[in-house]
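In what follows, a structure is listed as structure tokens, so that the remarks can point back to it.
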Amino acid sequence: MLDILYEDKDILVVVKPAGVESQTSRRLEPDMVSEIKNYLHRKAQETKKLSTGLSPKASTAPVDPYVGVIHRLDKPVRGVMVYAKNLKAAAHLSRQVQEGKLEKIYQALVCGKPVDNVGKYVDYLLKDGKTNTSRIVDKSVAGAKRAELEYQILEKKEQEDGTVRSLVEIHLHTGRHHQIRVQFAAHGTPLMGDTKYGAPAAASVGRARREPLALCAVRLSFLHPVTGKRMEFSTKPQFVL
871 MLDILYEDKD
881 ILVVVKPAGV
891 ESQTSRRLEP
901 DMVSEIKNYL
911 HRKAQETKKL
921 STGLSPKAST
931 APVDPYVGVI
941 HRLDKPVRGV
951 MVYAKNLKAA
961 AHLSRQVQEG
971 KLEKIYQALV
981 CGKPVDNVGK
991 YVDYLLKDGK
1001 TNTSRIVDKS
1011 VAGAKRAELE
1021 YQILEKKEQE
1031 DGTVRSLVEI
1041 HLHTGRHHQI
1051 RVQFAAHGTP
1061 LMGDTKYGAP
1071 AAASVGRARR
1081 EPLALCAVRL
1091 SFLHPVTGKR
1101 MEFSTKPQFV
1111 L
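Here my numbering is used: position 127 in the sequence shown is 997, and no number is missing along the way.
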């Protein structure tokens, strides 16, 4: 069942669940594009039935609904996403991504506490397609891409075992592969539940307790592709400090 925050004839804003791909998957697993197409298909059938009185079986085969992928979230990440329902809206929203007008805010639980309460990370990341991982490298390395984010510590708490967890809010300026996970791990505060980039403690806790990756895209802001109105949508993370 789709968690729809907003819909009109041009866009659809939803909350992607953790464990679901943002776009069509080659594997036989659920993905948001297929879910949205199924939803739009059912909606079109119901609308036609109401207007014509014909059952879906008696109606003609529907046109495959258009669903434009504008941005992505990693499979284990839950959060707000916008999809386009036509080519014009997709082109407009994609330009906003390129021009930095589509703003993405995340919240994450990290192991330990970042050095500063408010800070910025600027690194260069290199993606390894064979292992589906990224790592920080010198900016002179071929293929390295600039990765920038700002963060603010919202709250921190000492755990029963003496370790510290911090709840951080993150403003992502670039959308690199696994960027938040890589940068926070490299700077000494890996995300809770991150079995790929986390420190041994974070990874073992995630596996032992089956904790999901503690990262959520909590807020998304952009200009409506037709009206030009600034729109903002949000959700709350499901993890607790």
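Cβ atoms here follow ideal geometry from the backbone N, Cα and C, with glycine treated the same way.
(message) On the CB-based measure, 16 or more other CB atoms within 10 Å of its CB, does ARG1046 come out buried or exposed?
(response) Residue mapping note: residue 1046 aligns to position 176 of the sequence shown, counting from 1. Answer is buried; the Cβ neighbour count reaches 16.
(message) Helix, strand or coil for TYR876? Go by DSSP, reduced to three states.
(response) On the sequence shown, residue 876 is found 6 positions in, with the first residue counted as 1. In the three-state DSSP reduction, TYR876 falls in the strand class (E or B).
(message) Using a Cβ-Cβ cutoff of less than 7 Å, which residues in the same chain neighbour TYR1021 once the five nearest sequence positions on both sides are dropped?
(response) Within the sequence shown, residue 1021 is the residue found at index 151, counting from 1. Non-local C-beta neighbours of TYR1021 in its own chain, meaning closer than 7 Å and more than five positions away in sequence, comprise PRO984, GLY989, VAL1038, GLU1039 and ILE1040, ordered along the chain.
(request) Name the two residues that bound the continuous alpha helix (DSSP H) containing ALA1087. (result) Residue mapping note: residue 1087 aligns to position 217 of the sequence shown, counting from 1. That residue, ALA1087, is in no alpha helix (DSSP H); its beta strand (DSSP E) goes 1085-1093.
(request) Can you give me the Cβ contacts of ALA1014 inside the same chain, cut-off strictly under 8 Å, excluding the 5 residues immediately before and after it? (result) The residue labelled residue 1014 in the question sits at position 144 within the sequence shown. For ALA1014, where only same-chain residues beyond five positions count, the Cβ hits under 8 Å are TYR994, LEU995, LEU996, VAL1007 and ASP1008.
(message) Taking its Cβ as the centre, do 16 or more other Cβ atoms sit within 10 Å of LYS1106, making it buried, or is it exposed?
(response) The residue given as residue 1106 occupies position 236 in the sequence shown. Result: exposed.
(message) Buried or exposed, going by whether 16 or more other CB atoms sit within 10 Å of the CB of MET871?
(response) In the sequence shown, residue 871 corresponds to position 1, counting from 1. MET871 comes out exposed.
(message) If you reduce the DSSP assignment to three classes, tell me which class GLN1029 lands in.
(response) Reading the sequence shown from its first residue, position 159 is the one you call residue 1029. Note: GLN1029 maps to coil in three-state DSSP.
(message) I'd like the list of long-range same chain contacts for ILE874, defined as Cβ closer than 6 Å, with 5 residues on each side in sequence excluded.
(response) Position 4 of the sequence shown holds residue 874. Excluding sequence positions up to five before and after ILE874, its CB lies within less than 6 Å of the CB of VAL884, all in the same chain and listed in chain order.
(message) Among the candidates LEU1111, VAL1110, PHE1109 and ALA1087, whose CA atom is the shortest distance from the CA of GLU1102?
(response) Mapped onto the sequence shown, residue 1102 falls at position 232. Across the set LEU1111, VAL1110, PHE1109 and ALA1087, the C-alpha of ALA1087 shows the shortest separation from the C-alpha of GLU1102.
(request) Indicate the three-state DSSP secondary structure (helix, strand or coil) for LEU1019 in the structure shown. (result) As a working mapping, residue 1019 is identified with position 149 in the sequence shown. Three-state result, LEU1019: strand.
(message) Using 8 Å as the cut-off, can you tell me whether the segment 967-986 makes contact with the segment 930-944, which would need three or more C-beta pairs spanning the two stretches below that distance?
(response) The answer is yes - the segment 930-944 touches the segment 967-986, with three or more Cβ pairs under 8 Å.
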